[in-house]
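Some notes on the structure that comes next.
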Amino acid sequence: MKKLMTLLLLLLAGSVYLLESLQTGSSTAEKSEFTKGINNYNDKTQIAAADYFINAKLLADKKIVEADTKIIWRNTTAFPANEIHLNLLLNAFKSSNTILGEEINLPDESKTHFEISSIKINGTESELIYYSPTGVGKLDSTVAKIELQKNIEPGDSLEIDFNYSFKIPKSIKNVGYASGGGFYFISEWYPKIGVFAKGEWKIYPYYPYAGVYSGYANYNVNIDVPIDFTADATADSFTKAEAGDRIEYNFILKNEIDFAWFAAKDFHKTEYEFINVEQKRVEVIIYSQPRDSEKHGRYYEAINNSLKYLEENFGGYNSSRIILLDVPRTSSSQDLSYPNLITIKSGLISPIELLEPEKVITHMAAEQYFKYDISLNTAEENWLGTGIAEYVSSKILQRYYPAEEVYFKLISNVPIPGLIFASYNEIPIIYTLGSFELPEAFRNISQLTKHDYVGSMADKSYTFPDKNSAYINSVVKPSLMLVSLERYLGYKETITLLSKYYHSYKNNYADGNKFWNTLQLNTSEDMKWFIKNIYELDARFDYRVKEIEKTGRSNYKIFLERVGDGIFKTELEVYTTRDTIKLKWDGKAKWKIFELESEDEIVAAHLDPDRKNVFDINYANNSFTIKANYSGALSLSVRWLFWVQNALMVLGSIG
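Residue numbering for the sequence shown follows this note's numbering, starting at 405 and increasing by one per position.
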């Protein structure tokens, strides 16, 4: 009855407001108090509000791109617009006085900006007004607006024309040319219209450790390059035609949030295919310098494994192409993802045991689903794309590759052609203490404990003060959060949760609020405690078993302590000479005493034995043994002394 009355009131309020409420309102099931760091609007339409028609010419000898861009923007909301807001992201590289430049200290050869010769709105010359939309950081020229002579009413459109050029900088961050010539990676290279939702523009400067919020758009891009270059881009399809000493490419990309491209001379290209769940062919295209072409099969295997896992759990890949670009070693445009495009940088030595390219490839492939198939405000909630992708990447690696191991050794099997490091002066120098399988998420756990991280995951991404705090809260903590969630709920339940989230907001807008509501709606337990402590708070977790005290012939007291400020529901296992006693603790109190009666002697206790709380910063104090056991330490000590002795023999023989 209440919903019916609400609907009647909306009808009386007028058709315009009814339309807007249908487009942007939340259902009763989606309402939640988890609003810290979350946008207040909710645009469910998410159709492509803009069409970009771009013509670009690469003048390789001058390291310049000349371009013109026509943007057709449609007001798809129920509110009029009296301004147009634009990102000019390349201006972030203008000087060391921009928000980005202050952080990364731009060298002169890496400085660039838009040289705009003309701006027109519906054929009339217009002027950019630069401003700061967030008030965080100084005013730079990465955000601008144009005041309109008349409103753009709902359903109307306008045309914006730019004519401009820019110098290609020496490779820095994710744009520029590689030293030595012959390779250009071009991103952040066109004026990009902001997102208009619920009567306001959502737009952000170029922050060094946060993403940019972009709406869906269609792209029709012509790129003219010298004939000795090959170009490719974040496109679903393309054509090319030679004209004298140049080649013109036409790239088409629909309903995506960004467009980037590259041009390379003397690169090796290998084409593979992946047959998706709908039995449709996906082109897998790999580019690298010729010396790295023997790695293409390994790269393809990583992409193939990634797509198999992603399609099995989240549905079909949404394009007919995916490109992997192995950038030159003098380029900084590695470890990036754009729609249909992944970049890596191969190392001189990259044994399969290290899985170095595989870690990057699987992560960037997961971003194709969770960063580009879903529209995210990565300026505010970067973790939704990168953090979920990091977790999914770990699942792909677990499925298809051996567990990562750490080796304690002097040297072993260095794969440099023509050199064999097996002995020196007839003394063998391959001495190994052993290899140890790393626990799941070990490296992210070590990152978390190594850095004194600042802020919580719920804080706006652009407010993080440095690279470490941004990385911890955008990648490390959200991926560990999902590991903890998996250990608490189960693997199948967690993947199902991610699948429901993905399918609910594919080709749509999502935020942290929607993610947590998906969790709440698909679990039988109230998970508010988890969301508050892991997501909202900048909490530290440290639980310990302080003491086991025998208070009578068969009576014991086990003292537990919550040392940190974070709260996590946990379990306690108590070991007797014949059995294991399992107990539960809500983890809220600062201390807890379990009083037990056991005819069998209690020998030890272990808090959180399955390590569901991966955020516990000192897991060594989670257990307590009444009698010490030195056998493990003794074994390692003997092996360590053996290694040192033989290493000294080798060093003593030199010379």
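By construction, the Cβ of each residue, glycine as well, lies at the ideal position given by its N, Cα and C atoms.
Keep in mind the model is a prediction, meaning the values are calculated, not measured.
- In the displayed model, Phe-570 falls within a strand according to three-state DSSP.
- In this structure, Asn-877 is the residue among Lys-602, Tyr-653, Asn-877, Lys-918 with its C-alpha nearest to the C-alpha of Asp-942.
- Cβ contact annotation for Ser-499 (same chain, cutoff 8 Å, sequence separation greater than five): Gly-505, Leu-510, Lys-515, in chain order.
- Within the model, the alpha-carbon separation for Lys-574 versus Trp-477 is close to 33 Å.
- Phe-963 and Ile-997 have their C-alpha atoms spaced approximately 5 Å apart.
- Annotation for Phe-457: the continuous beta strand (DSSP E) segment containing it runs 454–463.
- For a cut-off of 8 Å, the C-beta gap from Val-879 to Thr-782 is around 12 Å, too long to register as a contact.
- Residue environment: Gln-772 is assigned as buried (16 or more neighbouring CB atoms within 10 Å of its CB, all protein chains considered).
- Inter-residue distance for Val-764 and Lys-524 is about 42 Å (C-alpha atoms, whole angstroms).
- For the set Val-949, Ser-779, Ala-807, the Cα lying nearest the Cα of Arg-847 is the one of Ala-807.
- Lys-988 is the residue among Phe-589, Lys-988, Ile-468, Tyr-805 whose C-alpha sits nearest the C-alpha of Glu-975.
- Asn-1022 has no beta-bridge partner at all, per DSSP.
- In this structure Ala-668 is not in contact with Leu-657, their Cβ atoms being roughly 20 Å apart against a cut-off of 8 Å.
- Annotation for Glu-1001: Ser-958, Asn-959 place their beta carbon closer than 6 Å to its own, counting only its chain and skipping 5 residues before and after.
- If you look at Gln-802, you'll find it in the alpha helix (DSSP H) that goes 787–804.
- The segment 539–546 and the segment 455–463 do not touch, with fewer than 3 CB-CB distances between them shorter than 8 Å.
- C-alpha of Asn-911 to C-alpha of Lys-896: approximately 24 Å in a straight line.
- Listed in chain order, the alpha helix (DSSP H) runs fully inside the segment 550–620 amount to none, counting runs of at least 4 residues.
- When the Cα atoms are used, Phe-945 and Gly-970 turn out to be separated by approximately 5 Å.
- Between Pro-732 and Ala-582, the CB-CB gap stays under 8 Å.
- Inter-residue distance for Thr-1029 and Gly-719 is about 48 Å (C-alpha atoms, whole angstroms).
- Between Asn-526 and Glu-563 the beta-carbon gap is near 5 Å, inside 8 Å, which marks them as a contact.
- Contact annotation, Ile-689 with Glu-705: C-beta distance approximately 15 Å; criterion of less than 8 Å not satisfied.
- Inclusion of Thr-473 and Pro-595 in the CB contact set at 8 Å is warranted, their separation being smaller than that value.
- For His-489, the enclosing beta strand (DSSP E) starts and ends at 485–491.
- Assigned with DSSP and collapsed to three states, Leu-925 falls in helix.
- If only complete runs of 4 or more residues are kept, the segment 957–998 shows no alpha helix (DSSP H) anywhere.
- If the five residues before and after Ser-561 are omitted, its C-beta is found closer than 8 Å to the C-beta atoms of Ile-476, Trp-477, Arg-478, Asn-479, all from its own chain and listed in chain order.
- At a cut-off of 3 residues, the continuous stretches assigned as beta strand (DSSP E) that sit fully inside the segment 632–714 are 633–637, 641–647, 650–660, 665–669, 672–679, 685–692.
- The C-beta distance from Leu-901 to Tyr-795 rounds to 11 Å, too long to fall under 8 Å, and the pair is not in contact.
- Going by beta carbons, Lys-602 and Tyr-617 fall outside the 8 Å limit.
- Going by beta carbons, Tyr-713 and Arg-803 fall inside the 8 Å limit.
- In the three-state reduction of the DSSP assignment, Asn-717 falls in the helix class, which pools H, G and I.
- Across the set Val-978, Ile-935, Glu-940, the C-alpha of Val-978 shows the shortest separation from the C-alpha of Ile-952.
- Our two residues, Ile-576 and Tyr-611, have alpha carbons roughly 15 Å apart in a direct line.
- Check the Cα spacing between Arg-948 and each of Ala-993, Phe-600, Phe-483: the tightest is with Ala-993.
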